[in-house]
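Residue numbers for the sequence shown follow the numbering used here, so the first one is 4 and each next one is one higher.
By construction, the Cβ of each residue, glycine as well, lies at the ideal position given by its N, Cα and C atoms.
What you are looking at is a predicted structure, and each value in this text was computed from that prediction instead of being measured.
These notes concern the structure reproduced below.
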Amino acid sequence: MNKEELMIIKERAIQNHIPIIMDDTLEVIVKILTKIKPKKLLEIGTAVGYSAMCFSEYLQEGGSIDTIERDEERIEEAKQNFVKVGVQDKINLYEGDAVDILPTLDKKYDVVFIDAAKGKYPFFLEQALRMLENNGVIIADNVLYKGYVMSDYNKHKQRTAVRNLREYIARVNEDSNLDTQILEVGDGLAISYKKAVD
Ligand code: SAH
Ligand code: MG
């Protein structure tokens, strides 16, 4: 993988205000991936492909990433970026709304990374659980949303997002098949391990 090119892509994304994964969040996820060595990883929210390209380093031999993006400009850029960095064989991009695409998928994933529309997190969780391997992990970014989620914040514009993020957190905490940690890293990261069934 061409790391120099990856760093150029990262800097350009930051300049263009594309909300790519934060360094401290990436560090936490890399530790998890290093342990799990996933064969199949699903990402919801590709943007220009930065996080997917970072994750692709930690797949097991022959492993791959499916990632979903709906913004046409970002889709085009992500495709070009995968080629520039030389990871196009490991990353498969689904083009369209994850709300439409997820129900059509029927695969098993070791890791699901949720990083898209906050108002859809409960739906993404439902779909992730349907496809999660035993001992798999669901990681959701931005779950604390600038502190709004844990405050009494109720401003109109972000109200739906906040309500749905709160619902996401409640569901992962209540699910007896999951073991969940919420970290204050970046914009809030929820890590939910599926307990092994015996
Ligand atoms: N994971 C990326 C950043 C993703 S930003 C990284 O760290 O590099 C969130 C992206 O999700 C945006 O590009 C947005 O267009 C996309 N998105 C939001 N809602 C979506 C949906 N319902 N379906 C598909 N993509 C979505
Ligand atoms: Mg994010």
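Given a cut-off of 8 Å, decide if residue j and residue i are closer than it, judged by their beta-carbon atoms.
{"i": "Ile94", "j": "Ala50", "result": "no"}
{"i": "Asp118", "j": "Gly48", "result": "yes"}
{"i": "Met10", "j": "Gly189", "result": "no"}
{"i": "Arg73", "j": "Gly52", "result": "no"}
{"i": "Val114", "j": "Ile142", "result": "yes"}
{"i": "Asn137", "j": "Ala199", "result": "yes"}
{"i": "Val88", "j": "Asn19", "result": "no"}
{"i": "Glu46", "j": "Ile17", "result": "no"}
{"i": "Asp144", "j": "Thr37", "result": "no"}
From residue i to residue j, what distance separates their C-alpha atoms?
{"i": "Leu105", "j": "Leu62", "result": "22 Å"}
{"i": "Ala120", "j": "Glu60", "result": "26 Å"}
{"i": "Ala193", "j": "Val86", "result": "31 Å"}
{"i": "Leu168", "j": "Gly122", "result": "7 Å"}
{"i": "Asp155", "j": "Glu170", "result": "15 Å"}
{"i": "Val152", "j": "Arg166", "result": "8 Å"}
{"i": "Lys111", "j": "Leu135", "result": "6 Å"}
{"i": "Phe126", "j": "Ser179", "result": "18 Å"}
{"i": "Thr70", "j": "Ala55", "result": "7 Å"}
{"i": "Val31", "j": "Asp92", "result": "25 Å"}
{"i": "Val175", "j": "Gln184", "result": "9 Å"}
{"i": "Glu177", "j": "Ile12", "result": "39 Å"}
{"i": "Leu108", "j": "Phe116", "result": "15 Å"}
{"i": "Arg15", "j": "Lys160", "result": "28 Å"}
{"i": "Ile23", "j": "Lys149", "result": "15 Å"}
{"i": "Glu8", "j": "Asn84", "result": "8 Å"}
{"i": "Glu76", "j": "Tyr124", "result": "23 Å"}
{"i": "Lys34", "j": "Leu44", "result": "15 Å"}
{"i": "Thr163", "j": "Arg133", "result": "24 Å"}
{"i": "Lys42", "j": "Ala173", "result": "29 Å"}
Leaving aside the five residues before and after residue i along the sequence, list all residues of the same chain whose C-beta is less than 6 Å from its C-beta, in chain order.
{"i": "Tyr196", "result": "Val140 and Asp182"}
{"i": "Lys40", "result": "Gln63"}
{"i": "Ala131", "result": "Val115 and Ile141"}
{"i": "Asn157", "result": "none"}
Please work out which residues of its chain come closer than 8 Å, Cβ to Cβ, to residue i, disregarding the five sequence neighbours upstream and downstream, and give them in chain order.
{"i": "Ile78", "result": "Thr49, Glu72, Leu96 and Glu98"}
Starting from the C-beta of residue i, find all residues in its chain whose C-beta is less than 7 Å away, skip the five residues before and the five after it, and write them out in chain order.
{"i": "Leu147", "result": "Met153, Glu187, Asp190 and Gly191"}
{"i": "Val90", "result": "Met4, Met56 and Ser59"}
{"i": "Glu129", "result": "none"}
Q. Curious, which full-length alpha helix (DSSP H) runs of at least 4 residues does the stretch 83 to 158 contain?
A. Counting only unbroken stretches of 4 or more residues, the alpha helix (DSSP H) elements lying wholly within the stretch 83 to 158 are 101 to 104 and 124 to 134, in sequence order.
Q: Would you list the residues whose beta-carbon is nearer than 5 Å to any heavy atom of the ligand MG, in the order they occur in the chain?
A: That gives Asp118, Asp144 and Asn145.
Q: Let me know the alpha helix (DSSP H) ranges lying completely inside the stretch 20 to 71, each 4 residues or longer, listed in chain order.
A: Counting only runs of 4 or more, we get 26 to 39 and 53 to 58.
Q: Only counting runs of 3 or more residues, tell me where the beta strand (DSSP E) segments fall wholly within the stretch 165 to 190, in order along the chain.
A: Scanning the stretch 165 to 190 for uninterrupted beta strand (DSSP E) segments of 3 residues or longer gives 181 to 186, listed from N- to C-terminal end.
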